[in-house]
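> Residue numbers (UniProt numbering): 1 to 243.
Quick reminder that beta carbons are idealized off the backbone N, C-alpha and C, glycines included.
Take this structure, written in structure tokens, and hold onto it; I'll ask about it next.
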């Protein structure tokens, strides 16, 4: 093998169908083959050939190490090309919220700052909802902008803004640069809960009910009909004398 005489002739090919190969041996063989590829003057052309697609939609070289890449890496690249998102037409960016969020993202990138700046722009333009956009809506619009630009979800803010400028969506807007690591779509933003003050309960006032007058019946004040016992007859004689 050119570049490393210790490698067998079939080091760049796939696993041998007639002789089992362990995972450790396979990884060592592939790593040695990739090292040879890096020093090869036609590595780029070799990778382009192996990664090309045949008429039936398969890789030209589905097995082995070609152009410094393993078979799995070439298959993953093929799948990524097939599912790549196609950029939407410019008319899809025409809504007020999308234009405001994109313009806000050009100058700030913190989620709450983007929401505030987008709300300010909507108020200046006299478009969009009266209350502007909240942070959840702004984050959702950022995700939609990345999708419409045909970019992956993990794209950085600066890359997304560069593509938007190429599409003519940031005419007259000055972009404030970051360190290059800020994502275009932020992670889920925790919205602080709204403090709810306890509502004082009204004090319960005692209901004023009319009290029944207590009538004290004294002996001799109740009329006694014929045949009834009087109250005095029920009182012992000594108590009556004492009274």
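Assess contact between the stretch 89-107 and the stretch 42-57, defined as three or more Cβ pairs (one per stretch) separated by less than 8 Å. Is contact present?
no
> Shortest alpha-carbon distance to residue 64 belongs to which of 31, 12, 122, 95?
By 1-based counting over the chain shown, the position of residue 64 is 64. Per the Cα distances, 12.
> Please report the straight-line C-alpha distance between residue 19 and residue 26, rounded to a whole angstrom.
Here residue 19 refers to the residue found at position 19 when the chain shown is read from its first residue. Here residue 26 refers to the residue found at position 26 when the chain shown is read from its first residue. One C-alpha to the other measures close to 12 Å.
> Please state if the CB of residue 189 and the CB of residue 111 are separated by a distance shorter than 8 Å.
Mapped onto the chain shown, residue 111 falls at position 111. Mapped onto the chain shown, residue 189 falls at position 189. In terms of Cβ geometry, residue 111 and residue 189 form a close pair [threshold 8 Å].
> Output the distance between the C-alpha atoms of residue 147 and residue 121, rounded to the nearest integer angstrom.
Position 147 of the chain shown, counted from the start, is the residue given in the question as residue 147. Position 121 of the chain shown, counted from the start, is the residue given in the question as residue 121. Between residue 147 and residue 121, the C-alpha separation is close to 23 Å.
> Tell me whether residue 151 is buried or exposed, calling it buried when 16 or more other Cβ atoms sit within 10 Å of its Cβ.
As a first step, residue 151 must be located in the chain shown, where it is residue number 151. Result: buried.
> Please report the straight-line C-alpha distance between residue 77 and residue 185, rounded to a whole angstrom.
Sequence index remark: in the chain shown, residue 77 carries index 77 (1-based). Sequence index remark: in the chain shown, residue 185 carries index 185 (1-based). So the two alpha carbons sit approximately 23 Å from each other.
> Give the C-beta separation of residue 119 and residue 132 to the nearest angstrom, bearing in mind that I take them to be a contact with Cβ-Cβ under 8 Å.
Residue 119 sits at position 119 when you count from the first residue of the chain shown. Residue 132 sits at position 132 when you count from the first residue of the chain shown. The beta-carbon separation of residue 119 and residue 132, rounded to 3 Å, stays under the 8 Å limit for a contact.
> Am I right that residue 138 and residue 149 are in contact with their C-beta atoms under 8 Å? What's the rounded C-beta distance?
Here residue 138 corresponds to residue number 138 of the chain shown, with the count starting at 1. Here residue 149 corresponds to residue number 149 of the chain shown, with the count starting at 1. Not confirmed; about 17 Å, so no contact.
> Can you name the start and end residues of the alpha helix (DSSP H) that residue 140 belongs to?
For the purposes of this step, residue 140 is taken as residue 140 along the chain shown, with counting starting at 1. Segment 135-148, the alpha helix (DSSP H) holding residue 140.
> Would a C-beta distance cut-off of 8 Å place residue 157 and residue 173 closer than the cut-off?
On the chain shown, position 157 is the one that residue 157 refers to. On the chain shown, position 173 is the one that residue 173 refers to. No, the pair does not count as a contact, with Cβ atoms beyond the cut-off.
> Just to confirm my understanding: we take residue 176, look at its own chain, exclude 5 residues before and 5 after, and list those with CB closer than 8 Å. What are they?
Taking the first residue of the chain shown as position 1, residue 176 is located at position 176. Same-chain partners within the cutoff: 106, 107, 108.
> Residue 68: buried (16+ other C-beta within 10 angstroms of its C-beta) or exposed?
Counting from 1 along the chain shown, the entry for residue 68 is found at position 68. The residue in question, residue 68, is buried, as its Cβ has 16 or more Cβ neighbours within 10 Å.
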